[in-house]
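**Q** Starting off with a structure, shown below.
Residue numbers (my numbering), protein chains in the order written: chain A, 43 to 938; chain B, 21 to 265.
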């Protein structure tokens, strides 16, 4: 029996009416599975009739049963997709006599009320609104009738905390509805098994998967580094191909490219920062053919219906294989047609990366989705949600509900730990084995339905020009900004004067030492495998295997030959190079963002501890730039790299991360989900640096580490690199600075601070002593005296009159002592002053400038100075001795 | 006179004919105020109480001086404070004699103290050193003495070659100009020592205190004489040396 004939007669009629002559292959395969009542994960490119594959058999089920409550939930990650789905499904539902409704954050209150009174059969919604459905008594009752849950674009959710929250929500739903049928619709992923588990937990599911690679035709073009020229290429491509989607990686690029192409009159920009109206208008005009091209960011990757797309341009490397496949998959939106796309490579790294990703895409080597298992903030959020849902609930029941989902490992201690922490922040009460809701919990939940962190923007006000010059992410402000701090925004340096009334007051700063953190948000990281293959390609230089185009082969080969000619080294998958560069060291490692991030942070921690100074780092997929004090060189970084133990990386990072902006940022986000900090909290009330310390040793801190290790850095891959160095599979050499070192946009920046605070104190002491005013007096001829600063004193001070080196160091406020000591007739007291000055001068005679420094310190006289100098210490230890002497002095009566 | 710096407080022991342990700005009960500003913690008073007790046990002083803002909530005394303060005070009294110089947050604190424990808000001299919280004009009797004051919660940030690497509570020491005492004639050099708060939630940058003084006391500070000392007694010097400009 064919799949179509298994459907209810009315559904079959409607299919005919819609004008479908036959079911697609995907539909024919999926429909019987759903009709059978199996859970289904359907993996297919957009535009293959995925939605109908799921919905036709669901419609069949719905019209075969009596109406009651919400019978099917259709969940998508985006409101715009909801809108689209509503348009698409409304027709079917009308024909079949079913009622469909949409409910999400923008739904008006009147509509919501209507839904509560008479629920639609099919509810299209978002994961966040699913959370809200559990909060009302009436809605909860309607949930009891749910028979089908369809999760669209599930690959987008599975790897995020939003997804983990949804997975738990589905288990909470079974408490009301019993077991229901689960259908997931996904783009191509590397690990369908994991995604299926994410949807169904331990339940069995069927998998239907349509291979995508065969339908792809991807070209790579090198368009050079000039932006005007790059835009010219885009314009040409639009002219050649007609309806075109142009994917860019950042909103800034989208705006810049739009700015140049707007004059054509047939191009619009589409990204998340634009208002809903502007975006819908652009989509509609593209669909109608009024404009030829849409410049967009990842927002367009998902299946929003924008009609026919003839061609996709990827502006710059897509960075991930999955992303490329999905983006190019938007082209050729009818069944069985080939999707065509072009990557415009913008530089050398970009080109090689694009070639590698293209090869992988065509070979079907797509990255897997990593689910968040045991995310403590998701657990906290869901425990609070259950407390509100039930009023009070046995811990045992919470554990049972959580344990059915695939996003919780089942660790019972974790649930206790999370609950206890929530109690610390007065979000819930614990009463023996029960979790009890509080008045705060409902309020908390209303503002924490989503696991997406929505960041407040803090305005930056320039005192000098008296205007707001920029806004900063709240997290950046919390983690880093404090009075006196210097930071970069809008390409300029600013010094923080004040943080008050929800804004930061700044003045332009002239200069700052070293590199400063300028947080640029989260970027798409290049995976380890891609970066390794780029390294291999740099080594083999077999560009012919990746591209048939002569100009690409010639450019790439020529680029590397240029490095050879300059007697520099080309870093590859078998060679790590370290180059001294101006203010620091560039380390070339082809290992991708996450592994490089882990390596960079471990190394900078070791270097920072060794030299006692802050180390700045910037990381991309192929290199790390360390900002270092002047006397730390490439050889020092190499020594630390060579001595790094792969086993230790995790531990080092744990210590190192504590002091970073990134960590504090995560900590605040997670603490908010535990109810410790409200979304609109007023940070000026307290010192945030100390607030983050309060989470030491808590489950909040644990979660920050878990997430950082899972999402931001790859400890295992970093350890693999270090192992390869040890086993001599990878060489490490010091090389002259190459174009590869000078090139490169860096994606993330941070500072690693030394473990002791010692160095900052010593730096401050040095600065103070350098600026210290002193009087030098010759104790030989007794006729020369000069006021100066310590910094200006030569190594061996000498009297310009008599040439003697018997020079006494006198504090400015004791200057009159020199005259007293040189009187013809002296009192007892004056004689003692003279003898002290002579002793003072003798120390300078034997120890030179070092004695001058010691003698200019607070409360240090000849006795203490000679003891400090006698201890024969040098460098920082010498200054530590001075600090110790000063500490003793200021405890004494003489200071007070 | 000698001084001992207790880093773990931060706290100060002023040693003259007797040892006086000085602790500033405990702000017990701050949690219920933070709660109103969107930051939720259960009371951490027990921890702060422990901190004070370990300072007392370490220093074995003859007298404990609390430099005001012992409690946090104004103008009302919160339920949290009613519950916690009596027990906390009696745990101190068991170990040492106590004096409290009330601060702007201490309205209603008299009900928890005996009359001899409650000192005048405008300050008094004990064993040669002046004490007050620091939100009011100082009593003329403090003129010519070293004055220990709270209220300002001084804090500093130190930078090394690459960037900022230490943020810490610190002491600020400076000369007071004569007009601080109004009409009465100055009795020699008067200096003020602002103590860091023994509360992990608060801190004002020292440069900010000097730039925008927010109390009668800090407005009389002779800026050129200001010196910074870390909570372990490390001498930092003039605030100018904190950054190179």
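Yeah, the Cβ is synthetic: ideal placement off N, Cα and C, and Gly gets one too.
Within 10 angstroms of its Cβ, does residue 844/A collect 16 or more other Cβ (buried), or is it exposed?
**A** Per the 10 Å Cβ criterion, exposed.
**Q** Please decide whether residue 218/B counts as near chain A, where near means a Cβ-Cβ distance under 9 angstroms.
**A** Residue 218/B does not count as touching chain A.
**Q** What is the DSSP secondary structure of residue 563/A, counted as helix, strand or coil?
**A** Low confidence applies to residue 563/A: its pLDDT is 43, below 50, so where it sits in the model is not reliable enough to give any reading.
**Q** Would the segment 222-229 of chain A count as touching the segment 81-91 of chain A if we require 3 or more Cβ pairs under 8 angstroms?
**A** Touching, yes.
**Q** Which residue from 881/A, 64/A, 870/A and 827/A puts its Cα closest to that of residue 858/A?
**A** Checking every option, the nearest Cα to that of residue 858/A belongs to 827/A.
**Q** Output needed for residue 764/A: all residues of its chain with C-beta closer than 6 angstroms, excluding positions within five of it in sequence on either side, in chain order.
**A** Within the same chain, residue 764/A has close Cβ partners 686 and 688.
**Q** Closer than 8 angstroms by beta-carbon distance: list the chain B residues that pair up with residue 466/A, in chain order.
**A** 61 and 62, listed in chain order.
**Q** For a contact meaning CB atoms closer than 9 angstroms, what does residue 22/B contact in chain A?
**A** Those within 9 angstroms of residue 22/B in chain A are 933, 934, 935 and 938.
**Q** Considering only C-alpha positions, which residue in the set 355/A, 320/A and 256/A is nearest to residue 285/A?
**A** Closest by alpha carbon: 355/A.
**Q** Ignore the nearest five residues each way along the sequence and tell me which others in residue 808/A's own chain have a CB closer than 6 angstroms to its CB.
**A** Cβ neighbours of residue 808/A beyond the five flanking positions: none.
**Q** Under the three-state reduction of DSSP, which class applies to residue 939/A: helix, strand or coil?
**A** Any answer about residue 939/A is impossible in this case: the structure gives chain A only from 43 up to 938.
**Q** What is the DSSP secondary structure of residue 789/A, counted as helix, strand or coil?
**A** At residue 789/A the pLDDT is 39, less than 50, meaning the model places this residue with poor confidence; the figure from the coordinates comes in the next sentence. Residue 789/A falls in the coil class under three-state DSSP.
**Q** Just how far apart, CA to CA, sit residue 333/A and residue 308/A?
**A** Straight-line Cα distance between these residues: approximately 4 angstroms.
**Q** If I measure Cβ to Cβ from residue 392/A and keep anything under 7 angstroms in the same chain, skipping five residues before and after, which residues do I get?
**A** Here the set comprises 358 and 359.
**Q** Leaving aside the five residues before and after residue 449/A along the sequence, list all residues of the same chain whose C-beta is less than 8 angstroms from its C-beta, in chain order.
**A** Same-chain partners within the cutoff: 205, 206, 209, 210, 240, 413, 414, 415, 416, 417 and 420.
**Q** Taking one C-beta from the segment 926-935 of chain A and one from the segment 890-903 of chain A each time, how about it: are there three or more such pairs within less than 8 angstroms?
**A** Yes, the segment 926-935 of chain A touches the segment 890-903 of chain A.
**Q** Flag residue 564/A as yes if its beta-carbon sits less than 9 angstroms from any beta-carbon of chain B, otherwise no.
**A** Below a pLDDT of 50, predicted positions are generally treated as unreliable, and residue 564/A, at 45, falls in that range; the measurement from the model is reported next regardless. Judged by the 9 angstroms Cβ criterion, residue 564/A is not in contact with chain B.
**Q** In terms of DSSP beta bridges, what is residue 118/B paired with?
**A** In DSSP, residue 118/B forms a bridge with 84/B.
**Q** Tell whether a beta-carbon distance below 9 angstroms holds between residue 236/B and residue 246/B.
**A** Against a cut-off of 9 angstroms, the Cβ pair of residue 246/B and residue 236/B comes out as no contact.
**Q** Identify every residue that forms a DSSP beta bridge with residue 179/A.
**A** Looking at the DSSP assignment, residue 179/A forms no beta bridge with any residue, so it has no partner.
**Q** Reducing DSSP to helix, strand and coil, say where residue 509/A ends up.
**A** Reduced to three states, the DSSP call for residue 509/A is strand.
**Q** Taking the Cβ atom as the reference point for each residue, do residue 275/A and residue 386/A lie within a distance shorter than 9 angstroms?
**A** Closer than 9 angstroms, so yes.
**Q** Against chain B, with Cβ distances strictly below 9 angstroms, would residue 1011/A count as a contact?
**A** With chain A represented from 43 up to 938, any question about residue 1011/A goes unanswered, as that position is not in the structure.
**Q** What is the rounded straight-line gap between the Cα of residue 740/A and the Cα of residue 717/A?
**A** C-alpha separation (whole angstroms): 14 angstroms.
**Q** Hey, which unbroken runs of the alpha helix (DSSP H) at 4 residues or more fall wholly within the segment 270-303 of chain A?
**A** With a minimum length of 4 residues, the continuous alpha helix (DSSP H) runs that stay inside the segment 270-303 of chain A are 293-303.
**Q** Is DSSP giving residue 134/A helix, strand or coil here?
**A** Helix, per DSSP.
**Q** Under 9 angstroms, Cβ to Cβ, is there at least one residue of chain B near residue 789/A?
**A** Residue confidence for residue 789/A is low, a pLDDT of 39 falling below 50, so the modelled location carries little weight; the figure read from the coordinates is stated next. It does not; no Cβ of chain B falls within 9 angstroms.
**Q** According to the neighbour-count rule (16 or more other Cβ atoms, all chains shown, within 10 Å of its Cβ), is residue 45/B buried or exposed?
**A** When all chains shown are included, residue 45/B counts as buried.
**Q** State yes or no: is the beta carbon of residue 426/A nearer than 9 angstroms to at least one beta carbon in chain B?
**A** No, because no Cβ of chain B sits closer than 9 angstroms to the Cβ of residue 426/A.
**Q** Return helix, strand or coil for residue 75/B, following the three-state DSSP convention.
**A** Of the three classes helix, strand and coil, the one that applies to residue 75/B here is helix, per DSSP.
**Q** I want to see whether chain A comes within less than 9 angstroms of residue 182/B, judged by CB atoms only; does it?
**A** Bear in mind that the predicted position of residue 182/B carries a pLDDT of just 48, short of 50, making it unreliable; the figure below should be weighed with that in mind. So, interface residue.
**Q** Terminal residues of the continuous alpha helix (DSSP H) containing residue 136/B?
**A** It is not in any alpha helix (DSSP H) - residue 136/B carries neither H nor E in the DSSP assignment.
**Q** In chain order, what residues of the same chain have a beta carbon less than 6 angstroms from the beta carbon of residue 166/B, not counting five sequence neighbours either side?
**A** Only 149 and 211 meet the Cβ criterion.
**Q** Would you verify that the beta carbon of residue 264/B is, or is not, closer than 9 angstroms to some beta carbon of chain A?
**A** Below a pLDDT of 50, predicted positions are generally treated as unreliable, and residue 264/B, at 49, falls in that range; no measurement from the model is reported.
**Q** Quick one: what does DSSP say residue 829/A is sitting in, helix, strand or coil?
**A** DSSP places residue 829/A in strand when its eight states are reduced to three.
**Q** Does residue 70/B have its Cβ less than 9 angstroms from a Cβ in chain A?
**A** False, the Cβ-Cβ gap to chain A never drops below 9 angstroms.
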